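J.: If you scroll down you'll find the structure; I have some questions about it.
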Amino acid sequence: MKRFIFLPFIIYSLLNAVPVLAAKLELVSPVLEIGVGQEFQVDLMLDTEGQDINAVEGKAVFPRNLVELKAIYTGNSIINFWIEQPAQKNSEINFSGVIPGGFSGVLGPYWKGYRPGKIFSLIFAAKKEGSGVIEIRDTKVLLNDGKGTLAEVKISNFAYSAEAPLSGAKAGQFSIKDIDPPELFTPEIARDPNIFDGKWFLVFAAQDKVSGIDHYEALETWGREPDKNKWHVVESPLVLKDQSRASYIFVKATDKAGNKRIVVVMPEFKPWYKKPIVDMIIGLIGLVVLLLVVKWLWKKLKYKWPLI
Amino acid sequence: MSLKFQYFLIFFIFAIFSVYNTVLADSGGVSLTVTVSEAAVCGNSAVETGEQCDGSDLGGATCVSRGYTSGSLSCNSNCTFNVSSCTSAAPSTPSSGGGGGGGGGGGAAIISAPSTAVVFSGRAYPKSTVTLLKDAQIAASTIAGPDSNFQITLSNLSAGNYIFSIYGEDKDGIRSSLFTFSVSVTSGVTTNVGGIFIAPTIAVDKSEVKKGDNVAIFGQAASLADVVISVNSDEEFFGKTVADKNGIYLYNFDTSLVDYGSHTTKSKAAIGNQLISSWSNLINFKVGTKNVLAPKSIKKVLKGDVNNEGRVNLIDFSIVAYWYKRPSPPAKVDLNGDGKVDLIDFSIMAYYWTG
Numbered sequence: 477m478k479r480f481i482f483l484p485f486i487i488y489s490l491l492n493a494v495p496v497l498a499a500k501l502e503l504v505s506p507v508l509e510i511g512v513g514q515e516f517q518v519d520l521m522l523d524t525e526g527q528d529i530n531a532v533e534g535k536a537v538f539p540r541n542l543v544e545l546k547a548i549y550t551g552n553s554i555i556n557f558w559i560e561q562p563a564q565k566n567s568e569i570n571f572s573g574v575i576p577g578g579f580s581g582v583l584g585p586y587w588k589g590y591r592p593g594k595i596f597s598l599i600f601a602a603k604k605e606g607s608g609v610i611e612i613r614d615t616k617v618l619l620n621d622g623k624g625t626l627a628e629v630k631i632s633n634f635a636y637s638a639e640a641p642l643s644g645a646k647a648g649q650f651s652i653k654d655i656d657p658p659e660l661f662t663p664e665i666a667r668d669p670n671i672f673d674g675k676w677f678l679v680f681a682a683q684d685k686v687s688g689i690d691h692y693e694a695l696e697t698w699g700r701e702p703d704k705n706k707w708h709v710v711e712s713p714l715v716l717k718d719q720s721r722a723s724y725i726f727v728k729a730t731d732k733a734g735n736k737r738i739v740v741v742m743p744e745f746k747p748w749y750k751k752p753i754v755d756m757i758i759g760l761i762g763l764v765v766l767l768l769v770v771k772w773l774w775k776k777l778k779y780k781w782p783l784i
Numbered sequence: 030m031s032l033k034f035q036y037f038l039i040f041f042i043f044a045i046f047s048v049y050n051t052v053l054a055d056s057g058g059v060s061l062t063v064t065v066s067e068a069a070v071c072g073n074s075a076v077e078t079g080e081q082c083d084g085s086d087l088g089g090a091t092c093v094s095r096g097y098t099s100g101s102l103s104c105n106s107n108c109t110f111n112v113s114s115c116t117s118a119a120p121s122t123p124s125s126g127g128g129g130g131g132g133g134g135g136g137a138a139i140i141s142a143p144s145t146a147v148v149f150s151g152r153a154y155p156k157s158t159v160t161l162l163k164d165a166q167i168a169a170s171t172i173a174g175p176d177s178n179f180q181i182t183l184s185n186l187s188a189g190n191y192i193f194s195i196y197g198e199d200k201d202g203i204r205s206s207l208f209t210f211s212v213s214v215t216s217g218v219t220t221n222v223g224g225i226f227i228a229p230t231i232a233v234d235k236s237e238v239k240k241g242d243n244v245a246i247f248g249q250a251a252s253l254a255d256v257v258i259s260v261n262s263d264e265e266f267f268g269k270t271v272a273d274k275n276g277i278y279l280y281n282f283d284t285s286l287v288d289y290g291s292h293t294t295k296s297k298a299a300i301g302n303q304l305i306s307s308w309s310n311l312i313n314f315k316v317g318t319k320n321v322l323a324p325k326s327i328k329k330v331l332k333g334d335v336n337n338e339g340r341v342n343l344i345d346f347s348i349v350a351y352w353y354k355r356p357s358p359p360a361k362v363d364l365n366g367d368g369k370v371d372l373i374d375f376s377i378m379a380y381y382w383t384g
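Residue numbers (the working numbering), protein chains in the order written: chain P, 477 to 784; chain U, 30 to 384.
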């Protein structure tokens, strides 16, 4: 009977236990054995645990003495727009991005419920034998609630142990098979007093579902075809050289496998009476007419009042 | 009471608790169905929808059944019939498409390569505009039928994970909240996303209501849907009304039930207690000492619409991104007014996104 006395407490605590929702940032790898010299993939995954998340930032930290970072792939990422594209800085990879509308998990036809979404993939090569940990630090995961509320986050790092070089297929180098160009995208021209002194600028963002976007190039030309020698590596937003918007603007997105997608923004075709040259001619004619009128008035007044 | 019974009781409570948690996890709102329909694959020696034949599989057809008198029917590499070895006169009434006399075969529409596509279907409001965003940028739009149903097909996609968002725009141009979901798209098949139920639009007739007077809460939902209205005060009040065949709903809320001050309201639609939409946008109104009509303008200023074009999209993102971690950002881009542009400002913008 004495034991039974605890039962009401157990029942009370169970019924009042509120499930603590915490999003999970997890570094996972499909590789089980790692040998020196071997390249291996580590994915940063976001498991929302039923929450609606729309912004993520943080850094991945790796032991530079043990592993070398070979590549960063953002293909198939749940992040639509990067504020800070994942990039290596010493032994860190800083990242920051948003998911407009929020993310609760990936739905699919072959499973029930939601699956975690990938943020990016890191490709490392083990430099020498030993144990190491690839960590996630300084994270911020925000709820899609219109206020930017911080979500609870659980972190799961990736611990590994590199051993003597593996033989055969296991020791292979990592390669990504990407034959698809980046998806079709639509650059937009805008201007705003808050940036670039109100000048016209171009914004663009392409998606690539396999290796991710590597870089963009652009060129402005009066011709309808891009000159292959005039491409410049650019970033969005891009201030337009031709502020009259009379040029064709070509934007080329290249993925990390070298596949390219080129899109064109057509020049703004103004009606003839709105073109600057027409404005100038009308202005000149106006000036001439004005001068003639002044001259005529001068002559007329001179005859009336010869003393002027 | 025996010890065995106590163990059983604890086990029983644990079981109930587990079930309770499972239900919570699944009750997040709209229930989407994601299925695939395999596209016809020309070359797999099996006749599928859209193919006349495939390899040696002629689907039981012969030269005679095609209108010839004799000969040997075969299959072209694009899964159309090859009648070049069929003899006698050309058929008087070819069963499919044009096609010339002796050779070549018919011109039926054939899916010769598997396409990767997604078909979205669900309910919006009668004759409303439905807009689909793919990875946060506008990809397509359509007009829902008089029964509120809509369908949008996106093709030529790559395999991978996509973030799709859908919103509706009612007869007054008011937009619904964004309904966002991520779907894994498989190469060579058509993925069907069904059960989408767009939240109602919502508006109020007064921005300030004299306490004791009614405030009209109205908008558009699916045709003949049950609409639940929530008014959030210290206590949450619920009301219910039914949308008419055009999806229009109206609910008069008696403000004598709530205190003076600011309040919010939202709505959601349901059909037959089975299909339930997510909540609409939140709308504010104030209970005070006088009645002030709400402005008629539909071009409400959205938080995050930095360039005031009525949308929150990549342009606004780019303007705010320009000021990321820069000193003294303009008030317009500092969405939470804390004197800096950081992740919180982007999160606020992402919430109000329209594409």
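Beta carbons are placed, not taken as given, at the ideal position from N, Cα and C, and that holds for glycine.
Please read these numbers as outputs of a predicted model, since none were measured by experiment.
Taking only beta carbons into account, state which residues of the segment 342–368 of chain U come closer than 7 Å to chain P, listed in chain order.
T.: For the segment 342–368 of chain U, which is checked against every Cβ of chain P, the residues closer than 7 Å are 343, 344, 346, 347, 348, 350, 351, 353, 359, 361, 362, 365.
J.: For residue 554 of chain P, tell me which candidate among U/189, U/148, U/82, U/183 has the shortest Cα-Cα distance.
T.: When only C-alpha atoms are compared, the closest one is U/189.
J.: Look at residue 65 of chain U and residue 585 of chain P and say whether their C-beta atoms are less than 9 Å apart.
T.: Yes, the Cβ-Cβ distance between residue 65 of chain U and residue 585 of chain P is below 9 Å.
J.: In three-state DSSP terms, what is residue 378 of chain U?
T.: Residue 378 of chain U: helix per DSSP, three-state reduction.
J.: Is DSSP giving residue 555 of chain P helix, strand or coil here?
T.: Residue 555 of chain P falls in the coil class under three-state DSSP.
J.: Given a cut-off of 9 Å, decide if residue 577 of chain P and residue 377 of chain U are closer than it, judged by their beta-carbon atoms.
T.: Not in contact: residue 377 of chain U and residue 577 of chain P (Cβ atoms no closer than 9 Å).
J.: Does the structure place the segment 516–532 of chain P close enough to the segment 307–317 of chain U that three or more beta carbon pairs sit under 8 Å?
T.: Not touching, per the Cβ criterion.
J.: Can the beta-carbon of residue 225 of chain U be found closer than 9 Å to that of residue 575 of chain P?
T.: No, Cβ-Cβ distance for residue 225 of chain U and residue 575 of chain P is not below 9 Å.
J.: Find the nearest neighbour of residue 721 of chain P within the set P/707, P/744, P/697, judged by alpha-carbon distance.
T.: That would be P/744, whose Cα lies nearest to the Cα of residue 721 of chain P.
J.: Over the uninterrupted beta strand (DSSP E) stretch that includes residue 725 of chain P, give me the two end residues.
T.: Counting along the chain, the beta strand (DSSP E) containing residue 725 of chain P begins and ends at 724–731.
J.: Using CA coordinates, which residue listed in U/382, U/285, U/364, U/371 is at the minimum distance from residue 318 of chain U?
T.: If we check each option's Cα against that of residue 318 of chain U, U/285 comes out closest.
J.: Starting from residue 610 of chain P, follow the beta strand (DSSP E) in both directions and report where the run begins and ends.
T.: From DSSP, the beta strand (DSSP E) with residue 610 of chain P extends over 606–619.
J.: So, residue 730 of chain P versus residue 692 of chain P, is the Cβ gap smaller than 9 Å?
T.: A contact, by the Cβ cut-off of 9 Å.
J.: Under the rule that 16 or more other beta-carbon atoms within 10 Å means buried, what is residue 142 of chain U, buried or exposed?
T.: In this prediction, residue 142 of chain U scores a pLDDT of 47, lower than 50, which makes its location untrustworthy; no coordinate-derived value is stated.
J.: Indicate whether the contact test is met: 3 or more Cβ pairs, each with one atom in the segment 268–280 of chain U and one in the segment 356–367 of chain U, closer than 8 Å.
T.: The segment 268–280 of chain U, when compared against the segment 356–367 of chain U, does not touch it at the 8 Å Cβ threshold.
J.: With the cut-off set at 9 Å, would you say residue 217 of chain U and residue 178 of chain U are in Cβ contact?
T.: No.
J.: The alpha helix (DSSP H) that contains residue 665 of chain P, what's its start and end?
T.: Unbroken run through residue 665 of chain P is the beta strand (DSSP E), 664–666; no alpha helix (DSSP H).
J.: Residues in the segment 205–229 of chain U with C-beta within 9 Å of chain P's C-beta atoms, listed in sequence order?
T.: The residues in question are 207, 208, 209, 210, 211, 212, 213, 214, 215, 218, 220, 221, 222.
J.: Does residue 737 of chain P have its Cβ less than 9 Å from a Cβ in chain U?
T.: Taking Cβ atoms only, chain U never reaches closer than 9 Å to residue 737 of chain P, which makes this a no.
J.: Determine, for residue 55 of chain U, whether the minimum Cβ-Cβ distance to residues of chain P falls below 9 Å.
T.: Its pLDDT being 37, under 50, residue 55 of chain U is placed unreliably by the model, and the measurement read from it follows with that caveat. At least one chain P Cβ lies under 9 Å of residue 55 of chain U.
J.: DSSP state of residue 206 of chain U, grouped into three classes?
T.: Residue 206 of chain U: coil per DSSP, three-state reduction.
J.: For the alpha helix (DSSP H) containing residue 349 of chain U, list its first residue and its last residue.
T.: Note, residue 349 of chain U: alpha helix (DSSP H), 343–351.
J.: For residue 552 of chain P, which residues in chain U fall below 7 Å Cβ to Cβ?
T.: Neighbours of residue 552 of chain P on chain U, chain order: 189, 190.
J.: Give the C-beta separation of residue 303 of chain U and residue 276 of chain U to the nearest angstrom, bearing in mind that I take them to be a contact with Cβ-Cβ under 8 Å.
T.: Not a contact, Cβ separation roughly 18 Å.
J.: According to the Cβ coordinates, are residue 727 of chain P and residue 710 of chain P closer than 9 Å?
T.: Yes, the Cβ-Cβ distance between residue 727 of chain P and residue 710 of chain P is below 9 Å.
J.: By a C-beta neighbour count over all protein chains shown, 10 Å radius and 16 as the cutoff for buried, is residue 628 of chain P buried or exposed?
T.: So residue 628 of chain P ends up on the exposed side.
J.: Could you spell out the range, first to last residue, of the beta strand (DSSP E) harbouring residue 280 of chain U?
T.: Here the beta strand (DSSP E) through residue 280 of chain U covers 277–283.
J.: Return helix, strand or coil for residue 137 of chain U, following the three-state DSSP convention.
T.: With a pLDDT of 33 at residue 137 of chain U, under the threshold of 50, the modelled position of that residue is not reliable, and the figure given next carries that caveat. Here residue 137 of chain U sits in coil by DSSP.
J.: Can you list the residues of chain P that residue 335 of chain U reaches, using a CB-CB cut of under 8 Å?
T.: Chain P residues near residue 335 of chain U: 668, 670.
J.: Mind checking who residue 86 of chain U pairs with in its DSSP beta bridge?
T.: According to DSSP, which records beta bridges pairwise, residue 86 of chain U is partnered with U/83.
J.: Nearest chain U C-beta to residue 709 of chain P closer than 9 Å, yes or no?
T.: No, residue 709 of chain P does not count as interfacial toward chain U.
J.: Taking C-beta pairs closer than 9 Å, name the residues in chain U that residue 623 of chain P reaches, listed in chain order.
T.: Within 9 Å Cβ-Cβ: 365, 373, 376, 377, 380.
J.: Using a 10 Å radius around the Cβ and a threshold of 16 neighbouring Cβ atoms, would you call residue 667 of chain P buried or exposed?
T.: Residue 667 of chain P should be labelled buried.
J.: Could you give the C-beta distance for residue 610 of chain P and residue 536 of chain P, rounded to a whole number, given that I count them as a contact under 8 Å?
T.: Correct: roughly 6 Å between the Cβ atoms.
J.: Who are the neighbours of residue 681 of chain P on chain U, taking C-beta pairs under 7 Å?
T.: Here the neighbours are 343.
J.: At a CB-CB cut-off below 7 Å, which residues of chain U make contact with residue 572 of chain P?
T.: Neighbours of residue 572 of chain P on chain U, chain order: 372.
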